[in-house]
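Below: the structure, in structure tokens.
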Amino acid sequence: MSKRNYLMVAAIDFGTTYSGYAFSFKYDFEKDPLKISANNWTAGSRALVSLKTPTTVLINSKKEFSAFGYEAEDRYAELAEEEDHTGWYYYRRFKMMLFDKTDLTRRTMLKDIEGKEMPAMTVFSMCIRYLRNHLLETLKSRDTGTNDSDIRWVLSVPAIWNDSAKQFMREAAQNAGINGDQLMIALEPEAASMFCKHLPVDRISGAPDTGISVFSPGTKYLVLDAGGGTVDITVHEVLADRKVRELHKASGGDWGGTQVDEAFKQLLIKIVGNDVMVRFSRNHTADYLDMYREFETKKRAISGDIVGKVTFKIPIALKDIFEETTGEDIKDAIAQTRYSEQLSWTGDKLRINADLMKCLFDSAISGMTNHLRQLFNEPTVKGTDTILLVGGFSDSPLLQEAVRKTFPDKRLIIPQDAGLAVLKGAVIFGHQPESISARVAKYTYGIEVYRNFDAKIHPPSRKVVIDGIEKCKDIFSKHVEKGETVIVGQAKPEQRYTPVEEGQKTLVMNVYISTDSDPKFVTESSCRLLGTLNVVAPVVDGKTSKEYGVWTKMIFGDTELKVEARDEKNNKVTKSNFNFLGQA
1 MSKRNYLMVA AIDFGTTYSG YAFSFKYDFE KDPLKISANN WTAGSRALVS
51 LKTPTTVLIN SKKEFSAFGY EAEDRYAELA EEEDHTGWYY YRRFKMMLFD
101 KTDLTRRTML KDIEGKEMPA MTVFSMCIRY LRNHLLETLK SRDTGTNDSD
151 IRWVLSVPAI WNDSAKQFMR EAAQNAGING DQLMIALEPE AASMFCKHLP
201 VDRISGAPDT GISVFSPGTK YLVLDAGGGT VDITVHEVLA DRKVRELHKA
251 SGGDWGGTQV DEAFKQLLIK IVGNDVMVRF SRNHTADYLD MYREFETKKR
301 AISGDIVGKV TFKIPIALKD IFEETTGEDI KDAIAQTRYS EQLSWTGDKL
351 RINADLMKCL FDSAISGMTN HLRQLFNEPT VKGTDTILLV GGFSDSPLLQ
401 EAVRKTFPDK RLIIPQDAGL AVLKGAVIFG HQPESISARV AKYTYGIEVY
451 RNFDAKIHPP SRKVVIDGIE KCKDIFSKHV EKGETVIVGQ AKPEQRYTPV
501 EEGQKTLVMN VYISTDSDPK FVTESSCRLL GTLNVVAPVV DGKTSKEYGV
551 WTKMIFGDTE LKVEARDEKN NKVTKSNFNF LGQA
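When you line the sequence shown up against our numbering, it's residues 1 to 584, in that order.
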């Protein structure tokens with residue numbers, strides 16, 4: 001990130017289920033860090049106003065952007081019900097693709113809800129461009145006099161994402177018109193932590209009533225960022241200078257609130273069948289969307305002490321399609337399932353037994369609590385007695401109760417506006433990126449190299465002969481070890497690399513990661529090719545030579561990896577980011 005002056009920070013929280021933006025001016029931040037503005041989004045089909053809008057995008061048959069958020073949902077519903085949606089692309093909840101994808105490239109394709117494909121980079125860029133332009137229009141309408149060049153942009157990403165996914169989001173943002181020199185990547189649980197650090201005690205549920213801050217120097221706390229798609233977990237310690245350092249590498253999984261939505265969908269499919277659900281979603285799209293909005297509202301209120309039945313308004317069209325398709329009465333169909341005693345369906349009302357309703361949360365909540373149990377047994381996490389619960393899913397009383405019950409010896413802290421903690425925290429991070437002083441490496445990082453062959457330590461199968469010299473191939477040259485603490489902005493010691501062959505003009509360095517602490521060869525099962533780094537070989541008298549090398553150091557502490565390569569002949573330093581996305 002450039003050190004250039006800026007007048008304001010604008011953050012974009014691109015979530016799995018919901019997205020939004022927030023901003024604050026530098027002079028306001030210096031007086032009150034919590035003076036942060038966010039946009040109000042309105043759902044056209046319902047009297048619903050929120051500070052985030054669905055991560056949904058509609059693209060026309062010419063592959064041109066049409067709408068985003070609530071507007072995209074409503075417009076697609078109209079198209080589908082008029083049967084005019086053929087050829088249009090409708091994407092929703094697609095961010096999780098970056099969590100699951102291990103071979104992500106700039107050419108990776110993304111399927112819409114009907115299986116039609118477009119380049120993922122194009123889809124992500126369209127969404128970010130819309131949010132960027134919407135923010136700029138908001139600033140213009142308020143007559144702030146702020147230009148795009150005055151803004152430091154922050155894009156939040158899950159801490160558990162790999163470096164390829166982070167680079168993908170950076171390039172998507174740059175393709176959307178955000179200057180790379182003005183862009184920072186913030187890690188979501190870190191951003192939430194920054195937001196909570198600035199909150200007064202009376203805005204933090206579960207804070208000690210002694211008036212002592214949860215964030216006093218020496219305090220250790222675990223950030224549990226439960227979002228729509230991913231759950232992101234990190235462990236922090238507050239230092240004497242009030243900065244924060246990471247104690248354990250970021251971890252988590254796909255245990256977000258969308259798992260509950262999926263469990264509800266699967267319950268309906270067990271009753272009416274998949275074909276009926278597909279027909280309902282395609283022919284009555286507005287009703288389909290309203291049904292899930294209704295479920296979204298109801299699921300937020302489900303608690304452990306709820307009894308009786310939970311009533312949902314289900315569009316009558318779903319029942320009609322079922323009875324028309326099967327010739328069965330919906331009541332008779334339910335009577336034949338194992339849910340006959342647990343739910344009933346009359347007219348447009350579906351009543352679900354409270355215990356069955358709670359079961360819809362089981363997979364997501366058990367995924368979190370099981371992982372937390374393991375985490376609290378880690379040596380670096382011991383002594384951590386506070387859990388900071390943030391993210392959209394954190395509003396769930398059932399989740400809150402499960403965490404309290406599973407960890408009765410821990411203090412559970414839930415800030416006001418927990419669902420906006422990442423978004424507003426990303427703004428604060430943009431003003432104070434130095435607030436995070438150290439992070440923990442999630443993997444062992446290294447570069448694939450050739451070394452002189454030594455029969456005592458190298459297997460014969462790896463021996464190759466280059467320019468008449470026996471070499472061992474596939475060696476993992478380690479730069480940082482998994483679990484190692486890395487200081488923000490501080491480079492690890494330089495390592496020297498030389499051309500393998502005479503006349504080699506470019507050193508192509510393949511960067512690998514490993515889940516092992518000390519891998520020997522890049523072909524081991526724990527290793528995965530992350531990306532490449534191309535460095536121009538030193539030139540002497542118009543040609544390259546194996547005698548002269550390049551000293552390379554990796555800078556690991558920031559939210560994105562960087563590298564510096566120094567030509568030892570001419571002492572020229574080249575700064576670069578890794579290419580984690582394969583060929584352009």
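Here a beta-carbon is modelled for each residue, glycine too, at the ideal position from N, C-alpha and C. If you're wondering where the values come from, they're calculated on a predicted model, not measured in any experiment.
(request) Note down, one range per segment and in chain order, each beta strand (DSSP E) of at least 3 residues found wholly within the segment 434-518. (result) 436-440, 444-452, 463-466, 469-480, 485-487, 495-497, 506-514
(request) Rounded to whole angstroms, what's the CA-CA distance from T515 to G228? Just pull it up for me. (result) 27 Å
(request) Go ahead and label Q416 buried or exposed: buried means 16 or more other beta carbons lie within 10 angstroms of its beta carbon, across all protein chains shown. (result) exposed
(message) I want to know whether the segment 504-519 touches the segment 439-459 - three or more CB-CB distances under 8 Å.
(response) yes
(message) Helix, strand or coil for D225? Go by DSSP, reduced to three states.
(response) strand
(message) Please classify D259 as buried or exposed, where buried requires at least 16 neighbouring CB atoms within 10 angstroms.
(response) Note that residue 259 corresponds to Gln in the displayed sequence, not to Asp. Q259 is buried by the Cβ-count criterion.
(message) According to DSSP, is M109 part of a helix, a strand, or is it coil?
(response) strand
(message) With a threshold of 6 Å on Cβ separation, who are the neighbours of K424 within its own chain once the five nearest residues in sequence on each side are excluded?
(response) A22, I36, F195
(message) In the DSSP assignment, the beta strand (DSSP E) including G253 goes from what residue to what residue?
(response) 244-253
(message) Taking the alpha carbon of Q388 as the reference point, which residue from K197, T325, Y76, I128 has its own alpha carbon closest?
(response) The question names Gln, but residue 388 in the sequence shown is Leu. L388 has its Cα closest to that of K197, out of K197, T325, Y76, I128.
(request) With distances taken Cα to Cα, identify the nearest neighbour of N586 among T138, V154, L155. (result) Here the chain covers residues 1 to 584 and nothing more, so residue 586 does not appear.
(message) Suppose you measure from the CA of N353 to the CA of G308; what does that come to, to the nearest Å?
(response) 6 Å
(request) Give, in chain order, every unbroken run of the beta strand (DSSP E) that is at least 3 residues long and sits entirely within the segment 326-410. (result) 343-346, 349-353, 386-390
(request) Determine contact between the segment 398-413 and the segment 359-374, defined as no fewer than three beta-carbon pairs at a distance below 8 Å. (result) yes
(message) Give me the residue from A43, S24, N40, M184 with the minimum Cα distance to L631.
(response) Given that the chain is displayed from residue 1 to residue 584, the structure contains no residue 631 and the question cannot be resolved.
(request) Name the two residues that bound the continuous beta strand (DSSP E) containing G430. (result) No beta strand (DSSP E) contains G430, which is instead part of the alpha helix (DSSP H) from 421-431.
(message) Which residue wins for smallest C-alpha separation from E481, given the options S461, A455, P519, L199?
(response) P519
(request) Grab the span of the alpha helix (DSSP H) containing K298 for me, first residue to last. (result) 285-299
(message) How far does the alpha helix (DSSP H) with L98 in it extend, from its first residue to its last?
(response) 97-100
(request) Answer yes or no: do M169 and F65 have a C-beta to C-beta separation smaller than 9 Å? (result) no
(request) Tell me whether the beta-carbon of E246 lies closer than 9 Å to the beta-carbon of I128. (result) no
(message) Using the three-state DSSP reduction, which class does S24 fall into: helix, strand or coil?
(response) strand
(request) Can you say whether V235 is buried or exposed, counting buried as having 16 or more other CB atoms within 10 angstroms of its CB? (result) buried
(message) Using the Cβ count rule (16 or more neighbours within 10 Å means buried), how would you classify F130?
(response) First, the amino acid is wrong: residue 130 is Tyr here, not Phe. Buried: at least 16 other Cβ atoms inside 10 Å.
(request) Using the DSSP secondary-structure output, state which residues sit across from R528 in a beta bridge. (result) I513
(message) So, for D287: in the same chain, excluding its five sequence neighbours on each side, which residues have a beta-carbon less than 6 Å away from its beta-carbon?
(response) P315, A317
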